[in-house]
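Engineer: First residue of the sequence shown: 19, per the working numbering; consecutive thereafter. Built from N, CA and C at the ideal position, the CB exists for glycine as well. Please read all numbers here as calculations on a predicted model, not as lab measurements. Mind having a look at this structure? Questions to follow.
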Amino acid sequence: MTSTLESPTRRSPTLRPYVATTTRILRQLRNDHRTVAMILVVPALLMTLLYFIYRDTPTNPLNPVPLFDRVGISMLGILPFIVMFLITAIAMQRERTSGTLERLLTTPLAKLDLLGGYGTAFSLAAAAQAAVACLVSFGLLGLDSAGNPGWVVLIAVVDAVCGVALGLLASAFARTEFQAVQFMPVVVAPQIFLCGLLVPRGELPGWLEAISNVLPLSYAVDALQQVSVQPNATGAMWRDLAVVAGFAVVALCLGAATLRRRTP
């Protein structure tokens with residue numbers, strides 16, 4: 019009886035550092051109005067810019083789908099990925115240079131709990147970002163898809179979470195915030211080129227298609243393309259979504275493995 023009653027008490031404190039880390043990061047984000055604006059407003063503004071770019075573009079008779087619909091639905095997965103990668107990498111590196119991370123690593127806080135707290139906080143921000151971008155695109159800009167827009171929101175959220183995880187991983191290899199930004203053309207740009215946005219992946223040279231097959235953004239775009247042409251969720255969409263989520267989990271685990279105490 020005694021051990022049964024005590025066991026919950028022993029387990030409950032293990033969640034406190036994780037919850038405290040998540041709460042602290044969310045509080046910092048709330049007080050950083052420029053970052054909040056970048057997370058919530060920038061993707062929606064870029065989608066609006068894209069709409070005006072393609073608004074007067076003639077429709078191809080061989081493909082009656084408007085160009086904004088074809089490109090825009092892919093951008094709803096790409097933009098959250100880019101923004102969350104950049105913000106997470108810089109914010110995590112700022113924690114390092116300010117000494118906050120150094121102090122946390124001297125406590126009994128587990129690395130996965132630490133990264134989990136950061137990941138959860140930024141993932142909640144990513145969910146809000148994806149919801150706002152999709153609401154503006156479908157509600158105000160008239161973006162259309164054969165499938166339910168809710169699936170687009172889900173894919174965009176998972177892709178943004180993957181951007182968060184890769185940003186946390188990239189920050190482990192940076193010494194300054196500027197170096198964290200330098201990882202963007204290395205990690206993000208090749209994925210944009212090879213994800214199928216510019217050229218269908220099946221038309222890429224064989225060696226480039228092989229590279230695209232191991233990049234998470236390729237699967238996010240594939241999943242969004244499934245939603246754009248299929249009225250119901252397909253097995254291919256769920257498979258691609260699971261691959262993106264798997265990349266996020268692996269990146270978080272690798273980030274925890276590379277996380278170490280640094281002495282200036």
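1) Taking ALA151 as the reference, give the member of VAL239, THR41, VAL60, LEU184 with the closest Cα.
2) Would you say LEU187 and GLY273 are within 8 Å of each other, going by their C-beta atoms?
3) Distance, Cα to Cα, TRP225 vs LEU184?
4) According to DSSP, simplified to helix, strand and coil, what is ASN231?
5) With DSSP collapsed to three states, give me the class of ASN250.
6) How long is the line joining the alpha carbons of ARG28 and ARG34, rounded to whole angstroms?
7) State the Cα-Cα distance for the pair ALA144 and GLY137, rounded to the nearest angstrom.
8) Determine the DSSP secondary structure at CYS180, reduced to helix, strand or coil.
9) Under DSSP, the alpha helix (DSSP H) around GLY137 begins and ends at which residues?
10) Nearest by alpha-carbon distance to TYR72: which of PRO84, GLY95, THR39, ASN78 is it?
11) Under a Cβ-count criterion, where at least 16 other Cβ atoms within 10 Å of its own Cβ denotes burial, should TRP169 be classed as buried or exposed?
12) By the three-class DSSP mapping on this structure, what secondary structure does SER163 have?
13) For THR194, name the three-state secondary structure that DSSP assigns.
14) I need the boundaries of the alpha helix (DSSP H) containing LEU67, first residue and last residue.
15) ALA198: buried (16+ other C-beta within 10 angstroms of its C-beta) or exposed?
16) Could you give the DSSP three-state label for GLY214: helix, strand or coil?
17) Under the rule that 16 or more other beta-carbon atoms within 10 Å means buried, what is SER141, buried or exposed?
18) Could you say which of GLY181, GLY90, ALA139, THR77 lies nearest to GLY264 if we only look at CA atoms?
19) Shortest alpha-carbon distance to THR118 belongs to which of GLN46, VAL89, ASP50?
20) Below 8 Å between beta carbons: does that hold for ALA190 and THR106?
21) Grab the span of the alpha helix (DSSP H) containing THR41 for me, first residue to last.
Structural biologist: Here's the rundown:
1) The sequence position of residue 151 within the sequence shown is 133, counting from 1. Residue VAL60 is the option with its Cα nearest to ALA151.
2) Within the sequence shown, the letter at position 169 stands for residue 187. Within the sequence shown, the letter at position 255 stands for residue 273. Against a cut-off of 8 Å, the Cβ pair of GLY273 and LEU187 comes out as a contact.
3) Here residue 225 refers to the residue found at position 207 of the sequence shown. Here residue 184 refers to the residue found at position 166 of the sequence shown. C-alpha separation (whole angstroms): 23 Å.
4) As a working note, residue 231 is residue 213 in the sequence shown. In this structure, ASN231 counts as coil in the three-state DSSP scheme.
5) Indexing the sequence shown from 1 puts residue 250 at position 232. Of the three classes helix, strand and coil, the one that applies to ASN250 here is coil, per DSSP.
6) By one-based count along the sequence shown, residue 28 stands at place 10. By one-based count along the sequence shown, residue 34 stands at place 16. Note on ARG28: pLDDT 44, under 50, position unreliable in the model; the coordinate value appears next. Roughly 12 Å between the two C-alpha positions.
7) Within the sequence shown, residue 144 is the residue found at index 126, counting from 1. Within the sequence shown, residue 137 is the residue found at index 119, counting from 1. In a straight line, the C-alpha of ALA144 is about 10 Å away from that of GLY137.
8) Locating residue 180 in the sequence shown gives position 162, counting from the first residue. Note: CYS180 maps to helix in three-state DSSP.
9) What you label residue 137 is simply residue 119 of the sequence shown in a count that begins at 1. Run containing GLY137: 129-153, per the alpha helix (DSSP H) assignment.
10) The sequence position of residue 72 within the sequence shown is 54, counting from 1. If we check each option's Cα against that of TYR72, PRO84 comes out closest.
11) Numbered from its first residue, the sequence shown carries residue 169 at position 151. Buried, since its Cβ has 16 or more Cβ neighbours within 10 Å.
12) Reading the sequence shown from its first residue, position 145 is the one you call residue 163. In the structure shown, SER163 sits in coil (DSSP, three-state: anything other than H, G, I, E or B).
13) In the sequence shown, residue 194 corresponds to position 176, counting from 1. Note: THR194 maps to coil in three-state DSSP.
14) Along the sequence shown, one-based indexing puts residue 67 at 49. Taken as a continuous stretch (DSSP letters only), the alpha helix (DSSP H) holding LEU67 covers 60-72.
15) Translated into the one-based positions of the sequence shown, residue 198 becomes position 180. Classification for ALA198: buried.
16) The residue labelled residue 214 in the question sits at position 196 within the sequence shown. Correct three-state label for GLY214: coil.
17) Counted from its first residue, the sequence shown places residue 141 at position 123. Buried.
18) Counted from its first residue, the sequence shown places residue 264 at position 246. It is GLY181.
19) On the sequence shown, residue 118 is found 100 positions in, with the first residue counted as 1. Considering only alpha carbons, the answer is GLN46.
20) The count along the sequence shown starts at 1 and reaches residue 190 at position 172. The count along the sequence shown starts at 1 and reaches residue 106 at position 88. Not in contact: ALA190 and THR106 (Cβ atoms no closer than 8 Å).
21) On the sequence shown, position 23 is the one that residue 41 refers to. Residues 34-49.
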